[in-house]
């Protein structure tokens with residue numbers, strides 16, 4: 494299931510005491526979210542399992558589950574007959590019970606995604622540009638929302654429960670690195686994108702840092718099970734990251750924990766530069782521009798970079814060397830079990846970066862350190878948009894005990 498079971502549950506799947514339900518009628522909404530969270534985490538559960546895990550009485554549990562079924566949020570499966578007693582009826586999340594929209598604002602492209610209750614994409618839209626401006630993003634979002642809703646049967650369109658935004662913070666500070674006009678990027682300084690979209694969208698709107706959202710998407714929708722502590726690195730136009738501790742995204746005091754882009758690493762001729770100046774797609778773009786080659790396919794088709802092989806080998810070596818230094822440095826601060834590398838790039842390129850990074854970390858003096866296992870990400874280019882779409886999902890329906898997606 495696309496959910497980390499350690500977020501709010503112990504390893505055996507039992508609810509920890511502070512997450513037990515209450516039989517007081519005033520806490521019905523909390524109890525509903527608790528039941529949904531358990532079913533979401535485990536895939537399917539029988540009523541007896543839910544009562545045992547929550548501590549709710551059989552009567553309270555039955556009332557809650559009837560309400561959730563009446564709201565089409567959960568569905569009954571086929572009865573499982575045992576040797577003794579009544580057959581057990583598993584309950585599971587109804588994929589069509591609710592839908593969520595995610596908007597990723599990038600420095601070279603924007604994406605809109607519509608997902609169902611289980612995080613499966615139903616429709617996606619993408620727009621490339623030389624740099625983003627608030628009017629461009631707002632128009633893309635408003636036009637795209639109508640198109641996404643058209644992808645749903647009419648009777649399901651009222652179940653779209655919210656719009657989440659994943660965007661780099663302080664976009665105006667990166668005008669020079671992105672090659673964008675400063676006056677146009679300065680428009681972001683006075684733009685409250687969440688408020689502007691909330692004023693014109695008929696749904697709640699949430700906002701999160703893009704790299705933190707991508708990290709959350711890997712945790713919630715990724716294919717790895719049981720990973721509870723890891724460093725997450727996302728290679729985009731620039732580089733961002735996230736930190737997962739005890740099965741939850743740790744967003745930090747300002748929501749910027751794991752913002753690895755500014756981390757100092759060794760640059761050309763031994764100089765100190767920021768990690769984003771070495772391990773980012775922007776570096777590859779500059780290499781192509783310097784040779785008079787159009788870099789737009791990097792953003793227009795992030796799943797296929799054919800034709801750039803002569804430059805990819807050099808770029809991958811630069812990226813891997815810098816990522817290795819960042820991973821070793823971060824591991825000296827937090828004893829990560831794993832380091833996950835993902836990005837808006839083809840899967841085969843990601844695999845080569847992971848392999849090259851593994852080789853590079855072995856060059857370091859690792860005495861006193863337990864090297865984390867370096868793994869490829871499993872969500873890929875859609876990670877930031879999926880993480881954005883997760884914001885309303887958790888806010889409206891699930892228990893977010895350890896601030897799994899940070900503050901909205």
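In my numbering, the protein residues as written are 494 to 901.
Quick reminder that beta carbons are idealized off the backbone N, C-alpha and C, glycines included.
For residue 598, no alpha helix (DSSP H) run applies; the uninterrupted beta strand (DSSP E) run containing it begins and ends at 592-598, by DSSP.
Distance from the CA atom of residue 587 to the CA atom of residue 610, rounded to whole angstroms, is 7 Å. Setting aside the 5 residues that flank it on each side, residue 794 has no residue in the same chain whose C-beta is closer than 6 Å to its C-beta. Out of 736, 852, 764, the CA that lies nearest to the CA of residue 827 is found in 736.
In this structure the segment 520-538 touches the segment 551-558; the number of beta carbon pairs closer than 8 Å is three or more. Taking residue 623 as the centre and dropping the five residues before and after it, the same chain places the C-beta of 601, 672, 673 closer than 8 Å to its C-beta, in chain order. Going by beta carbons, residue 734 and residue 725 fall inside the 8 Å limit.
At the C-beta level, residue 816 and residue 881 stay beyond 8 Å of one another. Within the segment 687-739, the beta strand (DSSP E) runs of at least 3 residues that lie entirely inside it are, in chain order, 698-702, 723-728, 732-738. Here residue 581 carries a strand assignment [DSSP, helix/strand/coil]. For residue 832, the pairing in a beta bridge is given by DSSP as 724, 867. In the DSSP annotation of this structure, the continuous segment of the beta strand (DSSP E) that includes residue 604 starts and ends at 602-608.
It is roughly 15 Å from the alpha-carbon of residue 856 to the alpha-carbon of residue 811. Burial state of residue 711 is buried, judged by a 10 Å Cβ sphere holding 16 or more other Cβ atoms. The DSSP-derived three-state label of residue 627 is helix. The C-beta of residue 853 has 16 or more other C-beta atoms within 10 Å across all chains shown, which makes the residue buried. Contact check for residue 777 against residue 804 passes: the beta carbons are separated by less than 8 Å. The segment 739-748 makes no contact with the segment 757-768, as fewer than three CB pairs between them are under 8 Å.
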